[in-house]
Amino acid sequence: NKLDLFFLVIGCRIQQMSSLPWRCGIGLLCLRCAYAQIYSFEKMALPDPTSLHTLYAFYVYSHQDAPERTLGQPFVQFHNLMFTATNPADAEKAKNYGGVQLSILPYRSFWTLIQPDKFCSTAEDVRAGVAKEEGKLLAHKSPGQSDESVNLYSHTVNFGSSTDQQVPVHSTGVYILVFSNCGEFKDGEVSGSVIAKNSYGFLPGNEYHKMPFYGWLAIVYIAMAMIWMCLSLRYWRELFHIQYCITAVIFLGLVEA
1048 NKLDLFFLVI GCRIQQMSSL PWRCGIGLLC LRCAYAQIYS FEKMALPDPT SLHTLYAFYV
1108 YSHQDAPERT LGQPFVQFHN LMFTATNPAD AEKAKNYGGV QLSILPYRSF WTLIQPDKFC
1168 STAEDVRAGV AKEEGKLLAH KSPGQSDESV NLYSHTVNFG SSTDQQVPVH STGVYILVFS
1228 NCGEFKDGEV SGSVIAKNSY GFLPGNEYHK MPFYGWLAIV YIAMAMIWMC LSLRYWRELF
1288 HIQYCITAVI FLGLVEA
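The C-terminal residue of the sequence shown carries number 1304 in the numbering used here, and the numbering is unbroken.
What follows is the structure, encoded as structure tokens:
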């Protein structure tokens, strides 16, 4: 439910144990919300060894379910990601380290795929055929299923060199961004970004249907601003300071809309 999602996204940390009327406001709305589908890493510290963090929730429509399909297949892009060692003496140790990963997976199946007591793969898991590599995020799924078949997409963050990966999204839903460290290295920082784009742009799926409201709101504010401007010009000799403040409020409301 929404309460679970709220607590999951803001702080869950597991230890290893369109029509014309509303297009008036769409430009400002998109500018304000575009960043909501881009999560940036600015020298973010690695999770503790054998632990993971949940960082963010992306709202994505599949291409079939999208209300607009003008920009093609929706995708998530792991962009310009790399990690560095905070202590230069650890650089050699970090060079071939592959335990740092960023992943997206559906919120509705988060607790099915990720088990709190075992979410990092081991050599035994590789021998048993439930994991491809040791020291990676481990998803608990039916035999024969791939990570892609359960809408889990992972990207390994390399040391010292930036990498990009773009993965298509085929299922509508809320996707959780997971930051995992399945190894023993801990003194490092990650830079880069994770970008989610719908078939109509960067606006999150949960915000798209608010556009008609903001469009009509913008029209109402424009009408109010025009009426107020005409009256102010007509009676400009009789204006008080409070009426200048009202003008500022109408302008700010128009920008907000």
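Glycine included, C-beta positions come from ideal geometry on N, C-alpha and C.
Opening and closing residue of the beta strand (DSSP E) in which Phe1226 lies: As a working note, residue 1226 is residue 179 in the sequence shown. Residues 1220-1228.
DSSP state of Gln1111, grouped into three classes? Stepping through the sequence shown from its first residue, residue 1111 is reached at position 64. Three-state DSSP puts Gln1111 in coil, outside helix and strand.
Taking C-alpha atoms, which residue in Tyr1103, Phe1298, His1126, Gly1235 lies nearest to Ile1274? For the purposes of this step, residue 1274 is taken as residue 227 along the sequence shown, with counting starting at 1. Comparing Cα-Cα distances from Ile1274 to each of Tyr1103, Phe1298, His1126, Gly1235, the minimum goes to Phe1298.
Sort out for me which residues DSSP pairs Gly1239 with in a bridge. For the purposes of this step, residue 1239 is taken as the residue at position 192 of the sequence shown. Answer is Phe1088.
Can you tell which of Ile1223, Gly1262, Phe1232 has the C-alpha that lies nearest to the C-alpha of Ala1243? Numbered from its first residue, the sequence shown carries residue 1243 at position 196. Of the listed residues, the one whose Cα sits closest to Ala1243 is Ile1223.
Just to confirm the assignment, what range does the alpha helix (DSSP H) spanning Leu1250 have? Indexing the sequence shown from 1 puts residue 1250 at position 203. Looking at the DSSP string, Leu1250 is not in any alpha helix (DSSP H), and its letter there is neither H nor E.
Contact set for Met1271: own chain, Cβ-Cβ below 7 Å, skip 5 residues either direction: One-based indexing of the sequence shown puts residue 1271 at position 224. These residues qualify, in order along the chain: Ile1297.
Comparing alpha-carbon positions, which option in Asp1164, Gln1290, Phe1157, Gln1148 lies nearest Val1221? What you label residue 1221 is simply residue 174 of the sequence shown in a count that begins at 1. Closest by alpha carbon: Phe1157.
Check the C-beta distance from Glu1236 over to Thr1131 and give it rounded, since I have them as a contact under 8 Å. Working through the sequence shown from its first residue, we reach residue 1236 at position 189. Working through the sequence shown from its first residue, we reach residue 1131 at position 84. At roughly 6 Å, the Cβ-Cβ gap stays under 8 Å, so Glu1236 and Thr1131 are in contact.
Is Gly1176 closer than 9 Å to Pro1163 when the C-beta atoms are compared? Your numbering for residue 1163 matches position 116 in the sequence shown. Your numbering for residue 1176 matches position 129 in the sequence shown. Going by C-beta atoms, Pro1163 is not nearer than 9 Å to Gly1176.
CB-CB under 7 Å to Asn1245, same chain, minus the five flanking residues each way: which ones, in chain order? On the sequence shown, residue 1245 is found 198 positions in, with the first residue counted as 1. These residues qualify, in order along the chain: Val1107, Tyr1108, Ala1113, Pro1121, Gly1252.
Does the distance from the CB of Ser1240 to the CB of His1126 come in under 9 Å? Here residue 1240 refers to the residue found at position 193 when the sequence shown is read from its first residue. Here residue 1126 refers to the residue found at position 79 when the sequence shown is read from its first residue. The answer is yes: Cβ separation under 9 Å.
Tell me which residues share the same chain as Asp1051 and place their Cβ nearer than 7 Å to its Cβ, disregarding the 5 neighbours each side in the sequence. Taking the first residue of the sequence shown as position 1, residue 1051 is located at position 4. Residue confidence is low: Asp1051 scores 39 on pLDDT, short of 50, so the model does not pin down where it sits. No coordinate-derived value is stated.
In the DSSP assignment, find the unbroken alpha helix (DSSP H) run with Tyr1291 in it and report its ends. What you label residue 1291 is simply residue 244 of the sequence shown in a count that begins at 1. Counting along the chain, the alpha helix (DSSP H) containing Tyr1291 begins and ends at 1288-1303.
Nearest-angstrom Cα separation, counted from Tyr1154 out to Ala1141: As a first step, residue 1141 is located in the sequence shown; it is residue number 94 there, counting from the start. As a first step, residue 1154 is located in the sequence shown; it is residue number 107 there, counting from the start. Their Cα atoms are separated by approximately 31 Å.
Have a look at Tyr1103, Met1258, Leu1093, Met1091 and flag the residue whose alpha-carbon is nearest the alpha-carbon of Gln1084. The residue given as residue 1084 occupies position 37 in the sequence shown. Nearest of Tyr1103, Met1258, Leu1093, Met1091 to Gln1084, Cα basis: Tyr1103.
So, are the CB atoms of Lys1188 and Cys1229 less than 9 Å apart? For the purposes of this step, residue 1188 is taken as residue 141 along the sequence shown, with counting starting at 1. For the purposes of this step, residue 1229 is taken as residue 182 along the sequence shown, with counting starting at 1. Going by C-beta atoms, Lys1188 is not nearer than 9 Å to Cys1229.
Cβ-Cβ distance between Ile1161 and Val1225 below 9 Å: By one-based count along the sequence shown, residue 1161 stands at place 114. By one-based count along the sequence shown, residue 1225 stands at place 178. In contact: Ile1161 and Val1225 (Cβ atoms closer than 9 Å).
Please give me, in chain order, every unbroken run of the beta strand (DSSP E) with length at least 3 that falls completely inside the segment 1111-1136. 1122-1132
Simplified DSSP state of Ser1098, which is helix, strand or coil: For this step, residue 1098 is matched to residue 51 along the sequence shown. Three-state DSSP puts Ser1098 in a strand.
Where DSSP assigns a beta bridge to Ala1104, which residues make up the other side? Taking the first residue of the sequence shown as position 1, residue 1104 is located at position 57. According to DSSP, which records beta bridges pairwise, Ala1104 is partnered with Ile1223.
So, helix, strand or coil for Glu1285, using DSSP? The residue you call residue 1285 lines up with position 238 of the sequence shown. Glu1285: helix per DSSP, three-state reduction.
Here's the rule I'm using: 16 or more other beta-carbon atoms within 10 Å means buried, otherwise exposed. How should Cys1167 be labelled? Position 120 of the sequence shown, counting from 1, holds the residue named residue 1167. The residue is buried, with at least 16 neighbouring Cβ atoms inside 10 Å.
Note the first and the last residue of the continuous alpha helix (DSSP H) segment covering Val1173. Stepping through the sequence shown from its first residue, residue 1173 is reached at position 126. 1170-1175 is the span of the alpha helix (DSSP H), which, as asked, contains Val1173.
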